[in-house]
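According to full-length UniProt numbering, the residues represented by the sequence shown are 1 to 231, in order.
C-beta: ideal position from N, C-alpha, C; glycine also.
Heads up: the structure comes next, in structure tokens.
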Amino acid sequence: MKPLVLVVDDESQMREIVRYTLEETGCEVLEASGAASAWKLVKSSDLALVILDLMLPDGSGVELAKRIRSAVKVPILMLTALGDPQQRIEGLQAGADDYLPKPFSPRELSLRVEAILRRTHKMRQVEPRREMGPLSLDTARGRAYYQAKDLKLSETEFKLLRVLAEANGGVVTIRELLNQVWETTSTSGGRDMVKTTIYRLRAKLRSAGSDEMIHTLRGGGYILEYLGREN
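Rendered as structure tokens:
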């Protein structure tokens with residue numbers, strides 16, 4: 001069964017370029033020109049990925065990303081304006097898993113999509129459950145719980161949390177996170193993605209009643225630990 005991808009962009013030429021690239025990659029494609037039509041397709045379709053332009057004629061792409069993230073568990077690749085870091089940050093904070101600045105090459109789009117779909121598939125094949133004190137990761141379902149409360153993580157948030165948990169209290173560098181979560185070795189723009197995802201994880205853990213579990217190390221690394229951890 002081919003993965004089903006929703007492309008949301010108000011420019012028909014851009015949708016055509018993305019559609020052609022995705023079909024060459026082996027995907028089936030749905031199209032929407034605005035937030036309202038996109039939302040209807042999100043609710044009625046079993047999507048593998050949403051590719052979302054943040055500038056839409058009938059609403060904010062950031063708000064649509066938040067709405068999608070709160071309703072369904074599907075990765076989001078956002079399309080942003082070249083050289084606009086604030087737009088990237090807003091999209092990532094809204095729950096997007098990755099971003100691609102316009103203009104982009106079809107080859108880069110294809111590689112980004114393949115990487116997202118590949119890591120989504122891998123998440124379903126690792127050990128089914130990992131426990132770390134009050135934190136529980138259900139890898140088979142891609143869900144994380146703190147004291148049995150669902151943290152409602154995005155695909156990327158869950159993947160990053162799992163990588164930190166698998167380090168068993170060890171340091172995970174930004175480069176390692178980029179490699180294992182986003183499958184890239186480039187730090188260009190990657191630090192923003194890591195920091196924003198860490199920020200969202202910390203906020204969701206705190207809202208579930210957690211003390212600070214994710215610690216930042218000087219020099220660019222992170223540790224996941226809890227107070228009851230045995231040395």
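- Item | Gly-59 (DSSP reduced to helix, strand or coil) | As a first step, residue 59 must be located in the sequence shown, where it is residue number 59. Note: Gly-59 maps to strand in three-state DSSP.
- Query: What are the complete alpha helix (DSSP H) segments, minimum 4 residues, inside the region 76-154?
  - Reply: Within the region 76-154, the complete alpha helix (DSSP H) runs of at least 4 residues are 85-93 and 106-123.
- Would you list the one or two residues that DSSP bridges to Thr-216? To locate residue 216, count along the sequence shown from 1; it is residue 216. According to the DSSP secondary-structure assignment, Thr-216 is paired through a beta bridge with Tyr-222.
- When the distance is taken between beta carbons, is Asp-84 closer than 9 Å to Pro-57? Residue 57 sits at position 57 when you count from the first residue of the sequence shown. Residue 84 sits at position 84 when you count from the first residue of the sequence shown. No, the Cβ-Cβ distance between Pro-57 and Asp-84 is not below 9 Å.
- Item | Contacting residues, own chain, Cβ-Cβ under 8 Å from Lys-66 (five flanking each side not counted) | Indexing the sequence shown from 1 puts residue 66 at position 66. Excluding positions up to five away in sequence, the list reads Ala-94 and Gly-95.
- Query: Taking one C-beta from the region 201-208 and one from the region 136-153 each time, how about it: are there three or more such pairs within less than 8 Å?
  - Reply: By the Cβ rule, the region 201-208 counts as touching the region 136-153, because three or more pairs are nearer than 8 Å.
- With contact counted as at least three CB pairs below 8 Å, one residue from each stretch, are the region 49-63 and the region 135-145 in contact? By the C-beta criterion, the region 49-63 is judged not to be in contact with the region 135-145, since fewer than 3 inter-stretch pairs fall below 8 Å.
- Task: Identify every residue that forms a DSSP beta bridge with Thr-173.
- Result: In the sequence shown, the residue the question calls residue 173 occupies position 173. Among the bridge pairs identified by DSSP, Thr-173 is matched with Gly-221.
- Query: Do Arg-19 and Glu-31 have their C-beta atoms closer together than 9 Å?
  - Reply: Taking the first residue of the sequence shown as 1, we reach residue 19 at position 19. Taking the first residue of the sequence shown as 1, we reach residue 31 at position 31. Yes, the Cβ-Cβ distance between Arg-19 and Glu-31 is below 9 Å.
- Message: Within 10 Å of its beta-carbon, does Ser-210 have 16 or more other beta-carbons around it, so buried, or fewer, so exposed?
- Response: Walking along the sequence shown from the start, residue 210 turns up at place 210. Taking all protein chains in view, the Cβ of Ser-210 is crowded by 16 or more other Cβ atoms within 10 Å, so the residue is classified as buried.
- Item | Buried versus exposed call for Pro-75 [16 or more other C-beta atoms within 10 Å across all chains shown] | Position 75 of the sequence shown, counted from the first residue, corresponds to residue 75. With a threshold of 16 other beta carbon atoms within 10 Å, Pro-75 meets it and is buried.
- Task: Just mark His-159 as buried or exposed, buried being the case when its beta carbon has 16 or more other beta carbons within 10 Å.
- Result: Position 159 of the sequence shown, counted from the start, is the residue given in the question as residue 159. Reading off the sequence, residue 159 comes out as Lys, not His. Around the beta carbon of Lys-159, 16 or more other beta carbons lie within 10 angstroms, which makes this residue buried.
- Is it buried or exposed for Glu-63, if we count other Cβ within 10 angstroms and need 16 for buried? Translated into the one-based positions of the sequence shown, residue 63 becomes position 63. Exposed, by the Cβ-count rule.
- Taking Cβ positions, are Arg-112 and Leu-77 nearer each other than 9 Å? Locating residue 112 in the sequence shown gives position 112, counting from the first residue. Locating residue 77 in the sequence shown gives position 77, counting from the first residue. Contact check for Arg-112 against Leu-77 passes: the beta carbons are separated by less than 9 Å.
- Message: Tell me the DSSP secondary structure of Lys-204 in three-state form.
- Response: The sequence position of residue 204 within the sequence shown is 204, counting from 1. Looking at Lys-204 - three-state DSSP - the assignment turns out to be helix.
- Query: Can you give the beta carbon distance from Val-5 to Ala-48, rounded, assuming they're within the 8 Å contact cut?
  - Reply: Taking the first residue of the sequence shown as 1, we reach residue 5 at position 5. Taking the first residue of the sequence shown as 1, we reach residue 48 at position 48. About 6 Å separates the beta carbons of Val-5 and Ala-48, which is inside the 8 Å limit, making them a contact pair.
- Three-state class that DSSP yields for Glu-31 in the structure shown: For the purposes of this step, residue 31 is taken as the residue at position 31 of the sequence shown. If DSSP states are grouped into helix, strand and coil, Glu-31 belongs with the strands.
- Message: Taking the alpha carbon of Asp-98 as the reference point, which residue from Glu-108, Ile-116, Arg-107 and Tyr-199 has its own alpha carbon closest?
- Response: Here residue 98 refers to the residue found at position 98 when the sequence shown is read from its first residue. Put simply, of Glu-108, Ile-116, Arg-107 and Tyr-199 the residue whose alpha carbon is nearest the alpha carbon of Asp-98 is Ile-116.
- Task: With DSSP as the reference, label Val-18 as helix, strand or coil.
- Result: Within the sequence shown, the letter at position 18 stands for residue 18. Note: Val-18 maps to helix in three-state DSSP.
- Message: Relative to the C-alpha of Ser-37, which candidate in Leu-52, Ser-70 and Val-181 has its C-alpha closest?
- Response: Here residue 37 refers to the residue found at position 37 of the sequence shown. Comparing Cα positions, the closest option is Leu-52.
- Give the DSSP-derived three-state secondary structure of Leu-161 in the structure shown. For this step, residue 161 is matched to residue 161 along the sequence shown. Correct three-state label for Leu-161: helix.
- Query: Are any of the Cβ atoms in chain D nearer than 9 Å to that of Ala-208?
  - Reply: Of the protein chains in the structure, only one exists, and it is not chain D.
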